[in-house]
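All remarks here apply to the structure that follows.
Written out as structure tokens, the structure reads:
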């Protein structure tokens, strides 16, 4: 959805499906059991993709943004799906040459759960950054294979 008339697309989607329906569909997918072979996409994966879509749409709809907030960690109320999706997605921002900023939300690969804290800290401290120290350079992705 990025960079393709995003606000127009968001309006169309939200016109056809209200924010509550979108969040409910993502949550129901999380709780649904996998039926069929392994070649089919898992319901959790489908729900995660809907959650990512909701993240993009939430930039254009305050109600959806409020519904996307995961429940408190220590509380029982709310849906475990939102907590799962929040813990299994990450985001970064890209500043384009024309000075526009774009937010990218993506699923965290499952193998990242197995990275040790030492590896995470090492990557954080050794990643080459820009002059302000806030952005990693394009060469960062070349060293990703070394982590595993």
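Residue numbers (our numbering): 17 to 164.
Glycine is no exception: its CB is placed at the ideal position from the N, C-alpha and C atoms.
Just so we're clear, the structure is a prediction, and the values are computed from it rather than from any experiment.
Query, Result
"Supposed contact pair residue 86 and residue 98 - C-beta distance, whole angstroms, cut 8 angstroms", "4 angstroms"
"Minimum length 3: unbroken beta strand (DSSP E) runs contained in the stretch 35-120", "105-111"
"Backbone CA spacing between residue 58 and residue 145 [nearest angstrom]", "36 angstroms"
"Straight-line Cα distance separating residue 45 from residue 18", "Only weak support exists for where residue 18 lies, its pLDDT of 49 falling under 50; the coordinates are left without a value."
"Segment contact flag, the stretch 97-117 with the stretch 58-70, C-beta cutoff 8 angstroms, min 3 pairs", "yes"
"Of the listed residues 120, 29, 78, nearest to residue 107 (C-alpha basis)", "120"
"Cβ pair residue 67, residue 105 closer than 8 angstroms", "yes"
"Given residue 75 as reference, the closest of 25, 123, 56 once Cα atoms are compared", "25"
"Own chain residues within Cβ distance below 6 angstroms of residue 110, not counting five before or after", "118"
"Nearest-angstrom Cα separation, counted from residue 138 out to residue 30", "42 angstroms"
"8 angstroms Cβ cutoff met for residue 36 and residue 69", "no"
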